[in-house]
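Just so you know, we're using the working numbering here: the sequence shown kicks off at 759 and counts up by one.
Below is one structure, written out as structure tokens, with a few remarks after it.
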Amino acid sequence: MPSETIKLTAKFKLKETPKGLDDLFSAYREIVNFLITYAFENNITSFYRLKKGTYKELRKKYPQLPSHYLYTACQMTTAIYKSFRKRKRKGKAKRGPAFKKKVIMLDDHLFKLNLEKGVVKVSTPNGRIALEFYPVKYHEKFRGWKVGQAWLVRTPKGVFINVVFSKEVEVREPEAFVGIDLNENNVTLSLPNGKFVQIITHEREIRTGYFVKWRRIQKKLRTGKKRKKLLEKYGERERNRLNDLYHKLANKIVELAEKYGGIALEDLTEIRESIRYSAAMNGRLHRWSFRKLQSIIEYKAKLKSVRVVFVNPAHTSSLCPICGGKLSPNGRRVLKCKCGFEADRDVVGSWNIRLRALKMWGVSVPPESPPMKMGGGKLTRYEINTLHTING
Ligand SMILES: [Zn+2]
């Protein structure tokens, strides 16, 4: 069976940060800025050329520093410089490139992670130091995964270590696809057995709640630190709540799709005509949230060796899944076609997504059966908070 690699980044907050770490952050920032200047002046985007041109001088200046810090600094610099050149070409770069963050990139020579004990050992100019981090339930989740790179990051909330885990998974041939239509307040699934499942997410209510809070803060506090702090606090709460929701949702979706081996999603890098959201809401956040939810579905599916395909989203909610004709509204929720087909809007979307995946996969689509044709199949509704059926 062919295999694929899944990569996930986990974040661990350090309990304490010894003084030596601060010195390391400063030294690393100095080094990266030195490298950036060198890359900029000599127009170097190659890691090897950058390392070759600077190693001796840096080695002399930082004799105690483990040499792999110089390698990762070169890696980071080439990435920073390349993205600077890209922005410059687009006319978006105002100043020259500079590195102001307190970030240190670590490769596998520079750290050793012990998830069970909650300790990470990091090489420093004064030898290896053991850093404790707050316990997270990750050690179960990442048992047997490979540890890749990591980043030490200092933020106003403390020092974190972000670790990339990877795992090889087998990919099997899908037998059929579950079509998934993501909406602002529900997710609708079209199953290969002709049934439809709708999970009510209440995402709109959550968003509206936070939107109102945002507005209130913005009106009350025009400027200042307190305003910024409050907005950040509620922004983070909203993201956390949506994140929890997405994990729950993705688990349910993968559970329903597992026996078929395939999931079809809309390709959101294309036009997003089929996604219906209220204009008053923040469009930026929406793009973030649909992509986020998709990426969670994608990795959870891969872990169960369920294939995920992305289909063209154009007109998925306005064309008849039976004859391909243009649908017209018949009441608030229902769409109908000249051929006699009639179904709920969300049913139509997920149905078309499933059919497109079949076509993409080269499966000839069997003619839909008459009861499905007329009623759009049976629709079962779930509440996300309890995952209890509302009807059916
Ligand atoms: Zn039709």
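Just so you know, even glycine gets a beta-carbon here, dropped at the ideal spot from N, CA and C.
All of these numbers come straight from a predicted model, not from anything done at the bench.
Item: Less than 8 Å separating the Cβ of G1170 from some heavy atom of ligand 1?; Value: Limits of the chain in this structure are 759 at one end and 1150 at the other, which puts residue 1170 out of reach.
Item: Leaving out five residues before and five after A888 in sequence, what residues of the same chain have Cβ atoms less than 7 Å from its Cβ?; Value: V877 and K879
Item: Does C1097 pass the burial test, meaning 16 or more other C-beta atoms within 10 Å, or should it be called exposed?; Value: exposed
Item: Could you check what DSSP says for E926 in three-state terms: helix, strand or coil?; Value: strand
Item: Bridge partners of T913, per DSSP?; Value: G916
Item: Relative to ligand 1, is the shortest distance from any of its heavy atoms to the C-beta of G967 smaller than 8 Å?; Value: no
Item: Do R912 and F783 have their beta-carbon atoms positioned less than 9 Å apart in this structure?; Value: yes
Item: How should C1078 be labelled, buried or exposed, when 16 other C-beta atoms within 10 angstroms of its C-beta is the threshold for buried?; Value: buried
Item: For my contact list, Y896 and L864 are in at a C-beta cut-off of 8 Å; report their separation, rounded to the angstrom.; Value: With a Cβ gap of about 18 Å, Y896 and L864 do not count as contacting.
Item: So is the beta-carbon of F954 under 8 Å away from any non-hydrogen atom of ligand 1?; Value: no
Item: What does the Cβ neighbour count give for G1083, buried or exposed, with the cut at 16 atoms within 10 Å?; Value: exposed
Item: On a CA-only basis, which of A934, R997 and L949 is nearest R965? Give me that one, please.; Value: R997
Item: Strictly by DSSP, which residues pair up with A831?; Value: Per DSSP, none; premise fails for A831.
Item: Using a Cβ-based criterion (distance less than 8 Å to any ligand heavy atom), does K1096 qualify as near ligand 1?; Value: yes
Item: So which of E926, G854, T882 and E898 has the shortest CA-CA distance to K875?; Value: E898
Item: Compute the Euclidean distance between the alpha carbons of V922 and W903, then round it to the nearest angstrom.; Value: 10 Å
Item: State the beta-bridge partners of D1102 as determined by DSSP.; Value: V1092
Item: Using the three-state DSSP reduction, which class does E961 fall into: helix, strand or coil?; Value: helix
Item: Would you tell me roughly how many angstroms separate the C-alpha atoms of N791 and L868, rounded to the nearest one?; Value: 21 Å
Item: Determine, using beta carbons only, whether W1119 and P883 come nearer to each other than 9 Å.; Value: no
Item: Leaving out five residues on either side along the sequence, give the residues of the same chain with a beta carbon under 8 Å from the beta carbon of F1152.; Value: Nothing about residue 1152 can be read from this structure; the chain reaches only from 759 to 1150.
Item: Can you give the beta carbon distance from E926 to T763, rounded, assuming they're within the 8 Å contact cut?; Value: 6 Å
Item: Excluding five sequence neighbours on each side, which residues of the same chain lie with their C-beta closer than 6 Å to the C-beta of I802?; Value: L808
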